[in-house]
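Residue numbering for the sequence shown follows my numbering, starting at 14 and increasing by one per position.
Note that beta-carbon positions come from the ideal geometry of N, C-alpha and C, so glycine has one too.
Given the structure is predicted, the values throughout are model-derived calculations rather than measurements.
Let me begin by presenting the structure, written as structure tokens, before commenting on it.
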Amino acid sequence: MKKLVMLVIVPALVGGIFCYRGAAFAEHTGPGKYNNEDLQQYQAPGDTGGKTAPNVTDKTSDKKSNEGDTQERESWCLRGTALNRTISDARKEIEGILDKFPGKRWEDIDTMELTDAVQQDRLNMNRRKLREAEAALSDLEAEAYRKGVPPGWIRCDFE
């Protein structure tokens, strides 16, 4: 029985290990992986006959793209900041109005009716301003998403 194990099972295990090592080697070659053929194909740019690797970029184009990115970031930041400021101002105005009516503090501002007509008009105007600014911010975020702009640019979070 021991001879059977030594003659059949041990060679099967050793053969399995060699097959596995071959499969492991195959994982290191393929798309996105480099091998000796790639090294020969993409020699240093100063060498004769060598091609430039596809992921090598020119430094001057990087500077131009960085300047363009900076301007684009600032543009999105300014647009988002203006809308966020409008939303913040409208909320502060609504809070100021609600401070005069402490019993109404926890009611829904969309359905709230105040006894003072002047304050009701101010509340309605600020509610409308708040809704318009929130809708504009939502539209800006949707536009940024469609154009592939990172959401942090609208919030001025660049890093």
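task: For tryptophan 119, count neighbouring Cβ atoms within 10 angstroms of its own Cβ and tell me buried if that reaches 16, exposed if not.
output: By one-based count along the sequence shown, residue 119 stands at place 106. Result: exposed.
message: Once the 5 residues before and after alanine 4 are set aside, which same chain residues still bring their CB inside 7 Å of it?
response: Nothing in the structure corresponds to residue 4, since the chain is present only between 14 and 172.
C-alpha distance - aspartate 129 paired with arginine 98, whole-angstrom precision: One-based indexing of the sequence shown puts residue 129 at position 116. One-based indexing of the sequence shown puts residue 98 at position 85. The alpha-carbon atoms of aspartate 129 and arginine 98 are separated by roughly 27 Å.
query: With C-beta atoms as the reference, is leucine 136 less than 8 Å away from isoleucine 110?
result: Within the sequence shown, numbered from 1, the residue matching residue 136 stands at position 123. Within the sequence shown, numbered from 1, the residue matching residue 110 stands at position 97. Yes, these two residues count as a Cβ contact at 8 Å.
- prompt: Based on Cα-Cα distance, which residue from Val21, Cys90, Lys16 lies nearest to glutamate 154?
  reply: Counting from 1 along the sequence shown, the entry for residue 154 is found at position 141. The shortest Cα separation from glutamate 154 among Val21, Cys90, Lys16 belongs to Cys90.
query: Excluding five sequence neighbours on each side, which residues of the same chain lie with their C-beta closer than 6 Å to the C-beta of glutamate 106?
result: Looking up residue 106 in the sequence shown gives position 93. Cβ-Cβ distances below 6 Å link glutamate 106 to Asn139 in the same chain, with the five nearest sequence neighbours on each side left out; the list follows chain order.
DSSP three-state assignment for isoleucine 22, whether helix, strand or coil: For the purposes of this step, residue 22 is taken as residue 9 along the sequence shown, with counting starting at 1. In this structure, isoleucine 22 counts as helix in the three-state DSSP scheme.
task: Taking isoleucine 167 and glycine 116 to be in contact with their CB atoms under 8 Å, please state how far apart those CB atoms are, rounded to whole angstroms.
output: Taking the first residue of the sequence shown as position 1, residue 167 is located at position 154. Taking the first residue of the sequence shown as position 1, residue 116 is located at position 103. About 37 Å separates the two Cβ atoms, so there is no contact after all.
query: For leucine 96, which of helix, strand or coil comes out of DSSP?
result: Counted from its first residue, the sequence shown places residue 96 at position 83. Helix at leucine 96.
- prompt: Is tryptophan 119 helix, strand or coil by DSSP?
  reply: As a working mapping, residue 119 is identified with position 106 in the sequence shown. Correct three-state label for tryptophan 119: coil.
- prompt: Which residue from Lys16, Tyr158, Gln133 puts its Cα closest to that of phenylalanine 114?
  reply: Counting from 1 along the sequence shown, the entry for residue 114 is found at position 101. Of the listed residues, the one whose Cα sits closest to phenylalanine 114 is Gln133.
Assigned secondary structure, valine 131 (DSSP; H/G/I helix, E/B strand, else coil): Taking the first residue of the sequence shown as 1, we reach residue 131 at position 118. Residue state, collapsed to three classes: helix.
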